[in-house]
Every structure is written in structure tokens, then in C-alpha cells.
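Letter 198 of the sequence shown, counting from 1, is numbered 198 in the UniProt record's numbering, and no numbers are missing.
Glycine included, each C-beta is placed from N, C-alpha and C at the ideal position.
Quantities reported herein were computed from a predicted structural model and do not represent experimental measurements.
Only one structure is covered here, and it is reproduced in the block below.
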Amino acid sequence: MDAGRPHYKQALGWSAANPFTAMTKESKISCIMAPPERSGCQKVIRIKLSALRLSLHLESKRFRGSYIRSASLQQKFADTFRVLNITLSTLLIHTEREPVMEFHATDYNESSLNDRSKNKSKKWPNLYLIGPQCAGKTTLLEALRAYYSIDANRQFGNEHVGRPAIIEEVVRTVMHEKGFKVQDLKDPKKGFELQQCILVEQYNAEEISEDEWYISDRSGLDALVYAKVYVGVSAAEKLENTGEWNRLRKRMQDAVVVFCEAGNTDWLSDDEVRMAYNNTAEWERLNHEFHAMLLHYDIGHIILPKYITDLRERVVFIDSTLRMKSQRQGRSTV
């Protein structure tokens, strides 16, 4: 056993050997996730974890077929299943073997698996952080930027992955350069023009980073969701029929899309580009529309639940998801 290498439980617990400082916009994160130690009990651990996941999967299926009438109780059970699945998935990832099954979530799109495997320059799939405003996306992006700036966090076995390109939130750029105001969001004419400009700017940003693997704060889908909610269905349909959206949609189908669920009221804020919500129902409506449109456009995604608020846990969630996606694509470089 390598004496300088922490046990996988310590790694997952972010021990002193793997420091993770508090995240602010001004500070940087120092975080090293070491590979698990090699030991004789590792195979036994994997077998037990896999058995737990299988049992959890079967229990989850049985639960979904049950007759629990309380909606709140149903949600609590579903949340519990999901958290346990995420935990087991993360443990399996850090034993550096292929997981037995994917955790229960919307499945990834497999339509162009062969085409993706031909692109040798992209070591990891692109990552989109999407969802309503005030869902922690930009804070998470900054945490991931710092996390992946450390070489050890881009290491998998003997292979090394390059740093990701970062696509910043384009909304602020568009509003500042084009002179839009937050009040324009609900205006039938200006609201559509705003979302159209955002869609084009997102397209341009992705074109620049096409030859790299990147992490994007928001996506082209955001423009369609906000157009539908605040301008109308016809506005979203107009954007849907553009060449930019067809290209952006294809990229999202080939990527890891993480839907950051809104609902943590402690994160609510407004500024010159963020509209203040009149009530949480409006926030929940955006949650619903995002999920509905992801399904409508056949974009596979993983939900980052609103109750996972610890930034360290959110980074582990993303890192594990990326590695699982890469393994599923059969790439030996991650």
C-alpha cells in the first residue's frame, strides 16, 4: 500500500490530504482528489457496493409501482433513492472500475456514439450547467474551473486530460453590449430579440471552443426556455427553427448536461441582469419548463438536486458524472 496515498473514504470525505477551501468569486479552490489505494479488500468492496446498487435499483422500481398517495411522501422517498444512488455511484467511481449500472436518471443520448469516438482530441465530453437563475450554476462553474486547474484532478490511471475551456455566461455580455435591461425580458418584442441574441452569442462561443472540451455556464436551451416562459410559445418556436439551435442541440445531445435544480431560497438574488422573482412559484415554473424541454428535445441529462448545497459535494457529483460518461463512451483516456 502506498503510504502517501489516502484511503478512498478519506478522498471522498475531502480529508486534510485533499484540502478544499471555501469558494467565493475572489478566492480559488485548492482541491486534490487522489486515486484510491490498491488493496486486497478492494474487490470485495466493489462487489458489496454493486450489490447495494442492484438492491437499490430493484427497490426503486418496486416503489414506483406502489400506491403511496401522499405526493410529499413520494417525493421524500424518491429523493432518498436518488441520494443513495449518487453516493454509491461516487464510491464506485473512486475504485477506478466500470460501474455496474448507471444511477437512476434520464439516460444519455447514444445516437452518435460512433461519431463521437472518432474525435480523439476531446478527452472528456463537454459539460453544460443549466437551469433557472439562482440555482448555483456560476458558483459551481468557478469551483470546477479551480478544481480542474490542478493536474491531479485531471488524471485517470496513467492517462492525463487537458484543462477545459470555459464558456462564461453569455447573458451578461449580450445585455451590456446590446443595451438590454432586465425589464425587457417580459416585453414581447425586446424579450424575443434578447433571447435571439443570447442564442447566437452562445453559438459563437461554442464554435470558438469546438476543438476543446469545455464547461459552459448555461446553454442554447436556456434562451428557448426563457422565451417560452416570458414571451410565449411562438417565440420559442421561432428560435427552435434556427440553424444555431439545431447545431447547439446536437452538441448538447453529445455532452454531459447537468440540470441544476432551483429551490434553495437562500441563493435568491437579483441584479442588473437577473430578474427578481415575485414568488417561488415562478421559480418552480422555470424548473418545470427546463425539464420538460430537455425531454422534448431528447437531450439526456442528470439532475443536480437542490438539496445538495455543499459545494464540495456538487463538484464530486460533476466529476463523477463526467468520468462515468467517458467510461461509457469507451474512451481509455479517462
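Cβ shell of residue i (< 8 Å), same chain only, five flanking positions each side left out
| i | result |
| --- | --- |
| residue 314 | 136, 140, 143, 304 and 308 |
| residue 228 | 235, 236, 289 and 293 |
| residue 285 | 229 |
Spatial distance of residue i from residue j (CA atoms)
| i | j | result |
| --- | --- | --- |
| residue 255 | residue 128 | 7 Å |
| residue 249 | residue 150 | 31 Å |
| residue 323 | residue 289 | 28 Å |
| residue 321 | residue 300 | 13 Å |
| residue 235 | residue 188 | 9 Å |
| residue 312 | residue 327 | 23 Å |
| residue 181 | residue 133 | 16 Å |
| residue 243 | residue 215 | 22 Å |
| residue 158 | residue 316 | 21 Å |
| residue 306 | residue 291 | 14 Å |
| residue 156 | residue 183 | 47 Å |
| residue 261 | residue 131 | 6 Å |
| residue 26 | residue 172 | With a pLDDT of only 35 at residue 26, under 50, the local geometry of the prediction cannot be trusted, and no value is derived from it. |
| residue 310 | residue 219 | 24 Å |
| residue 283 | residue 211 | 35 Å |
| residue 233 | residue 176 | 26 Å |
Sequence-distant residues of the same chain with beta carbon closer than 6 Å to residue i, five excluded per side
| i | result |
| --- | --- |
| residue 230 | 185, 186 and 191 |
| residue 258 | 129, 302 and 304 |
| residue 124 | 161, 213, 322, 326 and 334 |
Beta-carbon spacing of residue i, residue j below 8 Å
| i | j | result |
| --- | --- | --- |
| residue 209 | residue 165 | yes |
| residue 287 | residue 213 | no |
| residue 354 | residue 195 | The chain is shown only over 1 to 334; residue 354 falls outside these bounds and no answer can be derived. |
| residue 295 | residue 245 | no |
| residue 319 | residue 253 | no |
Beta-bridge partners of residue i, as assigned by DSSP
| i | result |
| --- | --- |
| residue 165 | 214 |
| residue 134 | Per DSSP, none; premise fails for residue 134. |
| residue 200 | Bridge partners of residue 200: none, in fact. |
| residue 327 | For residue 327, which the question treats as bridged, DSSP gives no partner whatsoever. |
Residues of its chain near residue i, where Cβ-Cβ distance is below 7 Å and the 5 sequence neighbours each way are ignored
| i | result |
| --- | --- |
| residue 148 | 154, 163 and 164 |
| residue 197 | 174 and 178 |
| residue 205 | 167 and 170 |
| residue 138 | 169 and 217 |
| residue 251 | 126 and 206 |
| residue 247 | 203 |
For this session: Check whether the segment 215-225 touches the segment 234-246, taking contact to mean three or more Cβ pairs, one atom from each stretch, closer than 8 Å.
Result: The segment 215-225, when compared against the segment 234-246, does touch it at the 8 Å Cβ threshold.
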